[in-house]
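Residue numbers (my numbering): 29 to 581.
If you want it as structure tokens, here you go:
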């Protein structure tokens, strides 16, 4: 049966088919409300205009619904392309995620062969990567594409780098440079690619002229400086990376290496929001022991083992830093996407994997992995499933209980939501957003004093939370008829979040109903329309009447 794999396109068709079979169901998945709602819904007014592809190189990744120090134009461009197909619906975004993962698998198949592995072995390990449960989040969760996009350009750049080292053709250097630049404009982690390429060159002692070495180094420096200048110009204005804090957190969270390593071989402790506190490191310890034993039994090329180890560490170490406002560090599984490739580089050098029994073992593992991956993907199908799984798998994480509470609240299950909110507060009284969410629940119950207290507490914890000001405004305006206080909070919300269409709608209602300032009301209605593309029917009616001169200006 293996002879089929020697047909030119057979492995590619099998990989595509397997990818569609495993992840095709994700096209019906919704939004889980962890960054995806921002990229798909909140940023839709930006995404719907295809001319913003050029603008993506001049703004940070969260624009226009927020601000960020991260500069990732290619991720933003992918959102724009998806929005042309499905608007603010998520199906096209999920389709793109599937395409990216399958494309990476096919490219990895080529890279494995370029590194000297036999066609069948390259196919089997590519299939292992395709179905690996540890990277399910990179495909089933829309924002996980940040790592699949980076992987696509990293693998392409690496492929042409190897070709250039072997054949010294200018064309290969050009493609290497192009894909390296694309990688830099996909995620900041691309900064480790040039050192990795240099390390590969050094340990393999490729025979290459000094002129060509100078060309490579020149390309790397040029690409880095171009990216760095643009990053500082665009995202640097909102702050800069706290390098000292990053270094301290990487060292403090270094045990997360075992967490990630364990999932590369024994992916049985998967979580939507993994933490060290709620995860077992024994899987990582066992994996490390087995890996060492495998290497000791015999390896083909020590240089590739060293290179694979460097690949794992360089792509994984930055994942030990987390800028999440939660009190507990979260180690998202999609960050294992590129490190897993380095892990496979190492495993392929163990002599045992070329034995006659290895193919049988690998086949069994592939089916087990595929089953786990499919089951885990269902945790990303909607908001309630995601946060229920997060709260169950990370019970000491306040953010998980807050998110689960919000999902329950939207289902009308208020008593259960309150329980989850209080669990989050018990774990961390200063947890971001939980007091705002609890305030909403109390507002619904008409427990206004309790609601006001929670909103005020939220602003103590996080003064920049525009939603808390919005909700306080609703409480004062709608329930206490304190119209001026309501306006004040909506103005503050707008100052904190200038693209809040809700704030504009509330202010439009205030100026129309309370002051009779039609011009100001119309201005806010038009701003809300510009931002979100729609407004409440009552406001739309006011605008139409105004434009027909039925309102005395």
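Ideal placement from N, C-alpha and C gives every residue a C-beta, glycine not left out.
Following the DSSP letters along the chain, one finds residue 192 inside the alpha helix (DSSP H) bounded by residues 173-195. In this structure, the CA atom of residue 91 is about 19 Å from the CA atom of residue 562. Per the DSSP secondary-structure output, residue 378 pairs in a beta bridge with 327. The beta carbon of residue 184 sits closer than 6 Å to those of 207, all from its chain and outside the five residues before and after it, given in chain order.
As the crow flies, the alpha-carbon of residue 50 is around 7 Å from that of residue 159. Looking from the CA of residue 259, the closest CA among 88, 164 and 516 belongs to 88.
Taken through DSSP and simplified to helix, strand or coil, residue 440 comes out as coil. If you ignore the 5 residues before and after residue 428, its C-beta comes within less than 6 Å of the C-beta of 301, 418, 419 and 422, all in its own chain and listed in chain order.
Secondary structure at residue 356: coil, using DSSP grouped into helix, strand and coil. Here residue 77 is exposed: its Cβ has fewer than 16 other Cβ atoms, across all protein chains shown, within 10 Å.
With a 10 Å radius around the Cβ and a threshold of 16 neighbouring Cβ atoms, residue 523 comes out exposed. Around residue 64, the same chain offers 170 and 171 as residues with beta carbons nearer than 6 Å, after the five sequence neighbours per side are excluded.
In the same chain as residue 415, and ignoring 5 residues on each side of it, the C-beta atoms closer than 6 Å to its own belong to 431, 432 and 435, in chain order.
Distance from the CA atom of residue 334 to the CA atom of residue 468, rounded to whole angstroms, is 54 Å. Every alpha helix (DSSP H) of 4 residues or more that sits fully in the stretch 245-315 is shown, in chain order, as 271-280 and 284-293. Burial is judged here by how many other beta carbons sit within 10 angstroms of a residue's own beta carbon; residue 525 has at least 16 and is buried. In the displayed model, residue 98 falls within coil according to three-state DSSP, outside both helix and strand. Within a 10 Å sphere around the beta-carbon of residue 73 sit 16 or more other beta-carbons, which makes this residue buried. The DSSP-derived three-state label of residue 484 is helix.
If the five residues before and after residue 40 are omitted, its C-beta is found closer than 7 Å to the C-beta atoms of 134, all from its own chain and listed in chain order. With contacts defined as CB atoms closer than 9 Å, residue 291 and residue 161 qualify as a contacting pair. Judged by DSSP in its simplified three-state form, residue 144 adopts coil rather than helix or strand. Boundaries of the alpha helix (DSSP H) around residue 560: 546-560. Closest by C-alpha distance to residue 55, out of 193, 105, 110 and 520, is 110. For secondary structure counted as the alpha helix (DSSP H) over 4 or more consecutive residues, the stretch 50-114 holds these complete runs in sequence order: 72-75, 80-83 and 101-114. The Cβ atoms of residue 213 and residue 102 lie closer than 9 Å to each other. Where residue 456 is concerned, there is no enclosing alpha helix (DSSP H), because DSSP gives it neither an H nor an E. In this structure, DSSP gives residue 422 a state outside helix and strand, which the three-state scheme calls coil.
Burial state of residue 389 is exposed, judged by a 10 Å Cβ sphere holding fewer than 16 other Cβ atoms.
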